[in-house]
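Please read the structure below before turning to the comments.
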Amino acid sequence: MSNTYTEEDLAKNLQEQEYKYGFTSDFKSDTIPVGLNEDVIRLISSKKEEPLWLLEKRLQAYRAWTTMVEPDWAHVNYPKPDFQAISYYSAPGQTKKYESWDDVDPEMKETMKKLGISMEEQQRLTGTAVDFVVDSVSVATSFKKKLGELGIIFCSFSEAVENHPELVKKYMGTVVPHTDNFYAALNSAVFTDGSFCYIPKGVRCPMELSTYFRINEGGTGQFERTLVVADEGSYVSYLEGCTAPMRDENQLHAAVVELVSLDNAEIKYSTVQNWYPGDKNGVGGVFNFVTKRGLCEKNAKISWTQVETGSAVTWKYPSCILKGDNSIGEFYSVAVTNHFQQADTGSKMIHLGKNTSSTIISKGISAGQSQNAYRGLVQIHASADNARNRSECDSLLLSDRSGAHTFPYIECKNSTAKIEHEATTSKIGEDQIFYCQQRGIDSEKAIGLIVNGYCKEVLNHMPMEFAVEAQKLLEISLENSVG
Amino acid sequence: MLTIKNLHASVEEGQEILKGLNLEVKAGEVHAIMGPNGSGKSTLASVLAGKDGYEVTEGSVDFDGVDLLDLEAEDRAKEGMFLAFQYPVEIPGVSNVNFLRTAMNEIREYRNEDKMSAKDFLAKVKEASNLVELDNKLASRAVNVGFSGGEKKRNEIFQMAMLEPKLAILDETDSGLDIDALRIVSEGVNKLRSKDNAVILITHYQRLLEYIKPDFVHVLSAGKIIKTGGKELALELEEKGYDWINEEIAQ
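So the protein sequences, as listed, match chains A and B.
At position 18 of the first sequence the residue is numbered 19 (my numbering), and the sequence of numbers has no breaks.
At position 237 of the second sequence the residue is numbered 527 (my numbering), and the sequence of numbers has no breaks.
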């Protein structure tokens, strides 16, 4: 398809398509054949019993995607995925589970033990739980009841499409349009599920919203879509991910996360990502190509905090569009790479409104033979009087063979702006490790301690319990990494 | 408690620094090791503490029945050896309290003891920081970050008070201290002395020994202890320098 595709073409196409497949087909198989074309997208949409407007959006995205090329500017090197060799739909519950607890990889069990995850949760995470489900459902139910009383909507993306189509229609694609980039377009065309959250005007969400509570309902998909809308004067803290190792058979992940923070609202979005990074020799591992962006209206605030230790290749730039006057964007990040992992991650702060301010604190830690790059853009538009930005990008090298890179971009079109950028690169000190050892702390624990100290500024921005887990995760992911 | 026999040690580049050192330290004793620059004083401290970059080529070190040289640095600490660093190291973002808590828990685990309760730990922090007149705020600040030279040295003794080692090696703890800080640090060390522990003081100056009275003074020269005496030896050194000993030996 080309760019000259018109609405008439679309309408015609849809008619044909309806003719061809109808919307009520009864499919026995839960996984569709590999490959991607418009028929596949129609099939996904029909399997999910989606309304027409969403199918249209998907098709638009697909057509845009076919005209795009995969970006190659990132400082990462990997075999390009064959997009025609992927199956784009697999019904929830069909992801590979272990038959029994005994089949679970001992190394994974060990890691979960170290993370201090309870036996029940370990079994749930590996899908081997027997009784626990009942428990989980009851927790989730009481949780949902409480949120419901406040008018907070927190559900899977599919449920939102079904029950709150007006909200989805209004906000989906407003922050990350399907034309944004190659992976966002792909996601917009083929996403299967994700999370949706809406906080009504003036409501302060009384608890951390965590996907933990709905993991059994949807599970994480390969092409996840998240939309969080904080209405005027509301507040929400949203937790994504899990410190437990996510074993995943899907190699390519292309998620889209959109945050909308309306006037005087605040969204705090925390992520811990620990997907399979590949083995010690760099074989396997998840390709994580995520588009995350938030839009701030007047006096609004969005704060991204992330601890990234997983995935073989990461391409991710959580960003803020500071559209409203006095709005605030923050990005706090720890990215750890070990063995042969590669990360190209950072943030974009787009200042449009007056008196907008943004902060970027990025801590990269490279071990083994990994490559860790910070890439950030601070853009001050002509309209953004008195905009302020402070960026601090620190890199810590744990080995002689690892690499740390910084690519900061600053574009300023307003002379009243104040922009500060600081960057440091350091190597973990042998004298620091010896000092710890002399006090009885072995070198592995010493590295954990030193790294956690180094990341403290970021971890401090995470909700307490999440931060504790993230600390342990940092220690575990850097085991045997000195050298 | 500590028996060093014929210790030879080289730096990794191959140069021999310690050339057959013998030393016997018993519980309850304080030994001062003095000597000119380059005589091997700090190397001795590093080798005993297990720092990388040194190779022991000959000799043995027995620490309360354990072959010290066979242990990793952290295990030497767990066995009860403490080194007060000449240049204490900064660890940004790690609070002193968290650092010590981690260290104490590691040491207690090694000795099959239960973890100390938060309440007992904090009481001990208070007691130990009073001992060296260390501002309580410094206890919760990041390890040595932004500390003055004197505060860093006091922090070393604070840590010593927390960890209660059997053997403490103070490597030029007096260097860079003004007279008040020297008094505070020395009084701290004196209060920590008991019949069950021992102290090795490595110093250039007799000044420290006026505050911490040693039972023995050893002169280290070219990697060997060439003379041992009582406290009066330190005074003599102060007066005459080191050369006279070499002359004495030559005769």
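All C-beta atoms, glycine included, are put in the ideal place defined by N, C-alpha and C.
Euclidean distance between Cα positions of residue i and residue j
| i | j | result |
| --- | --- | --- |
| Lys274/B | Val77/A | Past the boundaries of the shown model lies residue 274/B; chain B is included only from 291 to 541, so the question cannot be answered. |
| Glu50/A | Arg64/A | 21 Å |
| Gly370/B | Val308/A | 37 Å |
| Ala336/A | Tyr89/A | 29 Å |
| Lys414/A | Asp365/B | 59 Å |
| Leu56/A | Ala86/A | 22 Å |
| Gly354/A | Thr425/A | 30 Å |
| Glu61/A | Ile381/A | Correcting the residue identity first, residue 61/A is Gln in this sequence and not Glu. The straight-line gap from Cα to Cα measures roughly 31 Å. |
| Ala468/A | Leu460/A | 6 Å |
| Ala344/A | Val70/A | 20 Å |
| Met2/A | Leu296/A | The predicted position of Met2/A is uncertain, since its pLDDT is 37 and thus under 50; no value can be drawn from it. |
| Ser157/A | Lys409/B | 45 Å |
| Asn182/A | Val176/A | 12 Å |
| Val257/A | Asp194/A | 11 Å |
| Thr417/A | Lys349/A | 20 Å |
| Thr392/B | Ser384/A | 51 Å |
| Tyr532/B | Lys521/B | 15 Å |
| Gly203/A | Glu233/A | 6 Å |
| Asn282/A | Ile477/A | 18 Å |
| Ile502/B | Glu319/B | 11 Å |
| Arg59/A | Leu53/A | 10 Å |
| Lys48/A | Glu331/A | 39 Å |
| Val422/B | Gly441/A | 22 Å |
| Ile351/A | Gly285/A | 35 Å |
| Glu458/A | Val273/A | 16 Å |
| Glu537/B | Gln433/A | 42 Å |
| Thr25/A | Asn164/A | Caution applies to Thr25/A, whose pLDDT of 28 falls short of 50 and renders its modelled position unreliable; the model cannot decide the point. |
| Phe411/B | Leu482/B | 18 Å |
| Val1/A | Ala255/A | A query on residue 1/A cannot be resolved here, the shown segment of chain A reaching from 2 to 484 and no further. |
Of the listed residues the options, nearest to residue i (C-alpha basis)
| i | options | result |
| --- | --- | --- |
| Tyr410/A | Ser211/A, His422/A, Val177/A, Ala418/A | His422/A |
| Gly174/A | Ser396/A, Val230/A, Val204/A, Met208/A | Val230/A |
| Phe224/A | Glu259/A, Val204/A, Ala185/A, Cys206/A | Ala185/A |
| Lys517/B | Tyr344/B, Gln305/B, Met324/B, Ile490/B | Met324/B |
| Glu462/B | Lys530/B, Ala367/B, Glu446/B, Ala540/B | Glu446/B |
| Phe197/A | Leu240/A, Lys58/A, Leu60/A | Leu240/A |
| Val346/B | Lys309/B, Pro382/B, Ala367/B | Lys309/B |
| Leu453/B | Glu500/B, Gly519/B, Phe372/B, Ile535/B | Phe372/B |
| Met463/A | Ile322/A, Ala383/A, Thr306/A, Gly369/A | Thr306/A |
| Asp425/B | Arg444/B, Ser407/B, Phe411/B | Arg444/B |
| Gln376/B | Leu359/B, Asp357/B, Leu499/B, Ser336/B | Ser336/B |
| Ile478/B | Asn420/B, His494/B, Gly519/B, Leu297/B | According to the sequence provided, residue 478/B is Gly. The question's Ile does not apply to it. Selected option, being the one with the closest Cα: Asn420/B. |
| Ile429/A | Ser392/A, Glu209/A, Ser367/A | Ser367/A |
| Ser159/A | Gly325/A, Gly279/A, Arg226/A | Arg226/A |
| Glu362/B | Leu253/A, Cys456/A, Met465/A, Ser444/A | Ser444/A |
| Pro278/A | Leu148/A, Phe341/A, Asp432/A, Asn38/A | Phe341/A |
| Ala322/B | Leu499/B, Asn536/B, Lys514/B | Leu499/B |
| Ala1/A | Tyr199/A, Val191/A, His179/A | Outside the shown range of chain A, which is 2 to 484, sits residue 1/A, and nothing can be said about it. |
Distance between beta carbons of residue j and residue i, contact taken as under 8 Å
| i | j | result |
| --- | --- | --- |
| Arg497/B | Asp464/B | 7 Å |
| Ser329/B | Leu510/B | 5 Å |
| Asn480/B | Leu457/B | Actually they do not touch by this definition, with Cβ atoms about 16 Å apart. |
| Gly454/A | Gly383/B | 3 Å |
| Gly466/B | Gly436/B | In fact, because the Cβ distance is near 16 Å, the residues do not count as touching under 8 Å. |
| Tyr172/A | Leu228/A | 6 Å |
| Val237/A | Cys206/A | 4 Å |
| Ser320/A | Lys293/A | 7 Å |
| Val379/B | Tyr436/A | 4 Å |
Exercise for the section: Let me know the alpha helix (DSSP H) ranges lying completely inside the segment 259–286 of chain A, each 4 residues or longer, listed in chain order. Expected result: The segment 259–286 of chain A contains no whole alpha helix (DSSP H) run of 4 or more residues.
Exercise for the section: Can you check the segment 362–390 of chain B for any alpha helix (DSSP H) of at least 4 residues that lies completely inside it and give the ranges in chain order? Expected result: Counting only runs of 4 or more residues that sit fully inside the segment 362–390 of chain B, the alpha helix (DSSP H) segments are 363–368, in chain order.
Practice task
Taking 8 Å as the threshold, find out whether the segment 462–478 of chain A comes into contact with the segment 464–483 of chain B through three or more Cβ pairs.
Solution key: Result no; under three Cβ-Cβ pairs closer than 8 Å.
Handout entry: Stretch-stretch touch, CB-based, cutoff 8 Å, three pairs: the segment 309–317 of chain A with the segment 286–299 of chain A
Key = By the Cβ rule, the segment 309–317 of chain A counts as touching the segment 286–299 of chain A, because three or more pairs are nearer than 8 Å.
Exercise for the section: Taking 8 Å as the threshold, find out whether the segment 398–406 of chain A comes into contact with the segment 367–380 of chain A through three or more Cβ pairs. Expected result: A contact exists between the segment 398–406 of chain A and the segment 367–380 of chain A.
Practice task
Spell out a yes or no on whether the segment 393–410 of chain B and the segment 447–467 of chain A are touching, meaning 3 or more CB-CB pairs, one atom from each, closer than 8 Å.
Solution key: Contact annotation: the segment 393–410 of chain B does not touch the segment 447–467 of chain A, with fewer than three C-beta pairs closer than 8 Å.
Practice task
Ignoring anything shorter than 4 residues or poking outside the segment 384–446 of chain B, list the alpha helix (DSSP H) runs there in chain order.
Solution key: Scanning the segment 384–446 of chain B for uninterrupted alpha helix (DSSP H) segments of 4 residues or longer gives 386–400, 408–421, 426–430, listed from N- to C-terminal end.
Problem - Segments assigned beta strand (DSSP E), at least 3 residues, entirely inside the segment 411–481 of chain A - result: As summarised for the segment 411–481 of chain A, the continuous beta strand (DSSP E) elements at least 3 residues long and confined to that stretch are 419–428, given in chain order.
Exercise for the section: May I ask you to verify whether the segment 390–399 of chain A touches the segment 358–367 of chain A, counting CB pairs closer than 8 Å and requiring at least 3? Expected result: At 8 Å Cβ cutoff, the stretches touch.
Practice task
Inspect the CB distances between the segment 144–157 of chain A and the segment 29–48 of chain A and report whether three or more fall short of 8 Å.
Solution key: Taking a cut-off of 8 Å on C-beta distances, the segment 144–157 of chain A does not touch the segment 29–48 of chain A, as fewer than three cross pairs fall below it.
Exercise for the section: Would you check if there are 3 or more beta carbon pairs closer than 8 Å linking the segment 523–539 of chain B to the segment 337–352 of chain B? Expected result: The segment 523–539 of chain B makes no contact with the segment 337–352 of chain B; the number of CB pairs closer than 8 Å stays below 3.
Handout entry: alpha helix (DSSP H) runs wholly inside the segment 453–535 of chain B, at least 4 long, in chain order
Key = You should have 469–482, 497–501, 521–530.
Exercise for the section: Run through the segment 142–207 of chain A for me and flag every whole alpha helix (DSSP H) of 4 or more residues, listed as ranges in chain order. Expected result: If we require 4 residues or more, the alpha helix (DSSP H) runs fully inside the segment 142–207 of chain A come out as 158–164, 166–172, 183–191.
Exercise for the section: Just list the beta strand (DSSP E) runs in the segment 295–365 of chain A, keeping only unbroken ones of 3 residues or longer that don't cross its boundaries, in chain order. Expected result: For secondary structure counted as the beta strand (DSSP E) over 3 or more consecutive residues, the segment 295–365 of chain A holds these complete runs in sequence order: 302–309, 314–317, 320–323, 329–338, 343–346, 349–352.
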